[in-house]
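First comes the structure, then the notes that go with it.
Numbering (the working numbering), first residue to last: 8 to 277.
Next comes the structure, spelled out in structure tokens:
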């Protein structure tokens, strides 16, 4: 099995044409002719995950985020990107990324299932795939109406996270009467960085947005317009890619060995 065969099949299901113009998905490093027996899946091609791929004796590495986003003038060991590329080449590992093309054809489905959303549709339509609207995020109904505090706990539990940040939850929430507590049901979700979909979530009538990378001003401005936000982190809303792709590739290629990167939050709250 050549890496080219795997890439062709992946791009049939997650077309590069679905990617945003600014993005750089596709073959990042290595040979299309590389014979593949072992595939390693990670969210990012970092020193840690590349080291894990080398230890696994991987022939191919599939990531969500591209290793290369901007044009490179040099590839050497003076630069951390250069060092990563050199390690991949030294170990003959083909590295392939599926980013915003996967966001619209895969990640959104993962997120809506994680949050058990029903009555869903695309949050931010970016195009069509075989006549079906595709785009960033989903909007739908939570399993039932719940308080904002319970919604934060629900998101934290469903995404398997130690903490989440909630814009709109007050310090005295537990002391409020049931009638005074904020309740939410209509939920928008956008894996990764969701600042760009805040206005869309508001216009679609969402009570709450679950996403990552929300800055202070975006959070308080959303609250002023009636949208509560649960920031579960960029990693927290996207690391489901690893397990999803391991299971997907195992079904597609039962003859190959597939392994996923260790799940580890990139930061600690202290």
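C-beta atoms are modelled at their ideal positions from N, C-alpha and C, and glycine is treated no differently.
Checklist entry - CB-CB under 8 angstroms to residue 238, same chain, minus the five flanking residues each way: which ones, in chain order? => result As a working mapping, residue 238 is identified with position 231 in the chain shown. Counting only Cβ-Cβ distances below 8 angstroms, and skipping sequence neighbours, we find 171, 172, 173, 174, 218, 219, 220, 221 and 226.
Item to check | Outcome for residue 230 when other beta-carbon atoms lying within 10 angstroms are tallied against a minimum of 16 | outcome: Here residue 230 refers to the residue found at position 223 of the chain shown. Label assigned to residue 230: exposed.
Item to check | Cβ shell of residue 129 (< 6 angstroms), same chain only, five flanking positions each side left out | outcome: For the purposes of this step, residue 129 is identified with residue 122 of the chain shown, where counting begins at 1. 140 and 142, listed in sequence order.
Item to check | First and last residue of the uninterrupted alpha helix (DSSP H) at residue 247 | outcome: As a first step, residue 247 must be located in the chain shown, where it is residue number 240. Taken as a continuous stretch (DSSP letters only), the alpha helix (DSSP H) holding residue 247 covers 247 to 259.
Next on the checklist: Please classify residue 286 as buried or exposed, where buried requires at least 16 other C-beta atoms within 10 Å of its C-beta.
Outcome noted: Since the displayed the chain opens at 8 and closes at 277, residue 286 lies outside it and no answer follows.
Checklist entry - So the alpha helix (DSSP H) residue 226 belongs to, where does it begin and stop? => result Your numbering for residue 226 matches position 219 in the chain shown. That run of the alpha helix (DSSP H) goes 223 to 231.
Next on the checklist: Looking at residue 243: is its Cβ nearer than 8 angstroms to the Cβ of residue 194?
Outcome noted: Here residue 243 refers to the residue found at position 236 when the chain shown is read from its first residue. Here residue 194 refers to the residue found at position 187 when the chain shown is read from its first residue. Their beta carbons are not under 8 angstroms apart, which means residue 243 does not touch residue 194 by this criterion.
Next on the checklist: Rounded to the nearest angstrom, what separates residue 157 and residue 111 at their Cα positions?
Outcome noted: As a first step, residue 157 is located in the chain shown; it is residue number 150 there, counting from the start. As a first step, residue 111 is located in the chain shown; it is residue number 104 there, counting from the start. About 28 angstroms.
Item to check | N- and C-terminal bounds of the beta strand (DSSP E) containing residue 125 | outcome: As a working mapping, residue 125 is identified with position 118 in the chain shown. First-last of the beta strand (DSSP E) with residue 125: 125 to 136.
Next on the checklist: Using only the alpha-carbon positions, how far apart do residue 105 and residue 50 sit?
Outcome noted: On the chain shown, residue 105 is found 98 positions in, with the first residue counted as 1. On the chain shown, residue 50 is found 43 positions in, with the first residue counted as 1. Each residue's alpha carbon lies about 10 angstroms from the other.
Checklist entry - How would you label residue 278, buried or exposed, when you count the other beta carbons within 10 angstroms and need 16 or more for buried? => result The requested residue 278 does not occur in the structure, where the chain is confined to residues 8 to 277.
Next on the checklist: Across the region 117 to 128 and the region 91 to 108, are there enough close Cβ pairs to call them in contact, namely three or more that are closer than 8 angstroms?
Outcome noted: no
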